[in-house]
Amino acid sequence: DAGITQSPRHKVTETGTPVTLRCHQTENHRYMYWYRQDPGHGLRLIHYSYGVKDTDKGEVSDGYSVSRSKTEDFLLTLESATSSQTSVYFCAISESGTSANEQFFGPGTRLTVL
Amino acid sequence: GNSVTQMEGPVTLSEEAFLTINCTYTATGYPSLFWYVQYPGEGLQLLLKATKADDKGSNKGFEATYRKETTSFHLEKGSVQVSDSAVYFCALSERGGSNYKLTFGKGTLLTVNP
Chain P
114 DAGITQSPRH KVTETGTPVT LRCHQTENHR YMYWYRQDPG HGLRLIHYSY
164 GVKDTDKGEV SDGYSVSRSK TEDFLLTLES ATSSQTSVYF CAISESGTSA
214 NEQFFGPGTR LTVL
Chain F
8 GNSVTQMEGP VTLSEEAFLT INCTYTATGY PSLFWYVQYP GEGLQLLLKA
58 TKADDKGSNK GFEATYRKET TSFHLEKGSV QVSDSAVYFC ALSERGGSNY
108 KLTFGKGTLL TVNP
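Residue numbers (this note's numbering), protein chains in the order written: chain P, 114 to 227; chain F, 8 to 121.
Below, the structure is given as structure tokens:
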């Protein structure tokens with residue numbers, strides 16, 4: 114199994130509070146991704162990174178920011194959580210950015226915003 | 008933009024039944040196609056992939072053929088087992104901006120009864 118961990122695995126927070134989710138990899142892969150999974154929507158890309166300090170937006174980036182200060186860590190921050198951000202968040206990594214390249218997924222973080 | 012449409016579930020089968028999960032896609036170029044599987048409480052893992060037209064991906068008894076003329080990548084298995092119960096996601100990878108990204112279908116829940 115690819116070495117990907119996410120923390121925390123579960124979190125309950127209140128509307129308006131900041132939340133940071135962490136993704137940590139031991140594979141030294143260049144690309145890292147944050148997705149959210151919601152019933153009826155599949156997985157949707159929030160942000161991704163193609164190198165240290167290099168990030169870009171996905172299709173549902175509003176209300177989220179990311180940072181990548183070192184290869185192994187990719188942080189997702191909800192500056193002021195809202196109930197619509199209740200979801201399961203998955204981190205993924207891939208070795209390169211080619212079309213055929215497989216993405217490896219972490220175990221997920223279940224976030225509930227009350 | 009790119010999109011993936013897969014048959015809605017849930018799909019319920021008896022053990023040893025034949026499985027087909029339909030997947031069609033819309034893309035502007037020549038995407039790679041993937042099937043990912045998500046077992047309960049886990050992240051996604053790659054099941055199989057195909058990178059060009061007429062390629063057949065296969066793994067664990069599952070198969071899917073990249074059909075460019077029908078823009079399809081249907082998943083099949085000749086004899087399902089209880090352990091195949093999971094959510095299956097069809098996905099495509101195509102260049103968006105300076106990097107490749109995955110676009111997922113909404114997922115199909117498969118339940119196999121003994």
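A virtual CB, placed ideally from N, CA and C, is assigned to each residue, including glycine.
Reference Y32 of chain F, options F:M14, F:Y107, F:K67 and F:L116, closest by Cα = In the second sequence, the residue the question calls residue 32 of chain F occupies position 25. Comparing Cα positions, the closest option is F:M14.
request  = Verify the CB distance criterion: does L53 of chain F have a CB-CB separation below 7 angstroms to chain P?
outcome  = The sequence position of residue 53 of chain F within the second sequence is 46, counting from 1. Taking a beta-carbon distance threshold of 7 angstroms, L53 of chain F counts as an interface residue toward chain P.
inquiry  = Check for me: the beta strand (DSSP E) holding K166 of chain P runs from which residue to which?
reply    = Here residue 166 of chain P refers to the residue found at position 53 when the first sequence is read from its first residue. It is not in any beta strand (DSSP E) - K166 of chain P carries neither H nor E in the DSSP assignment.
ask   = Contact check, D61 of chain F vs Y73 of chain F under 8 angstroms by CB: the rounded distance?
value = In the second sequence, the residue the question calls residue 61 of chain F occupies position 54. In the second sequence, the residue the question calls residue 73 of chain F occupies position 66. That pair is a contact at about 6 angstroms.
ask   = Looking at the C-beta of F203 of chain P, does it have a partner C-beta in chain F at a distance below 7 angstroms?
value = Reading the first sequence from its first residue, position 90 is the one you call residue 203 of chain P. With respect to chain F, the C-beta atom of F203 of chain P has a partner C-beta closer than 7 angstroms.
request  = With a floor of 3 residues, list each beta strand (DSSP E) that falls wholly inside the stretch 129–163 of chain P, ordered by position along the chain.
outcome  = 132–138 and 144–151
key: Cβ neighbour criterion (16 or more within 10 Å) applied to E192 of chain P   = Locating residue 192 of chain P in the first sequence gives position 79, counting from the first residue. With fewer than 16 Cβ atoms within 10 Å of its Cβ, E192 of chain P is classed as exposed.
request  = Using a Cβ-Cβ cut-off of less than 7 angstroms, give me the residues of the stretch 121–154 of chain P that come near chain F, in sequence order.
outcome  = G153 and H154
task = Determine the extent of the beta strand (DSSP E) in which Q52 of chain F is found, giving its start and end residues.
result = Position 45 of the second sequence, counted from the start, is the residue given in the question as residue 52 of chain F. L51 to A57 is the span of the beta strand (DSSP E), which, as asked, contains Q52 of chain F.
key: N- and C-terminal bounds of the beta strand (DSSP E) containing T118 of chain P   = Here residue 118 of chain P is taken as the residue at index 5 of the first sequence, counted from 1. Its beta strand (DSSP E) spans residues I117 to S120.
task = Taking C-beta pairs closer than 7 angstroms, name the residues in chain F that G221 of chain P reaches, listed in chain order.
result = Locating residue 221 of chain P in the first sequence gives position 108, where the first residue counts as 1. Near G221 of chain P (Cβ distances below 7 angstroms), the residues of chain F are G50.
key: Residue span of the beta strand (DSSP E) that contains T190 of chain P, given as start and end   = Translated into the one-based positions of the first sequence, residue 190 of chain P becomes position 77. Unbroken beta strand (DSSP E) run through T190 of chain P: D186 to L191.
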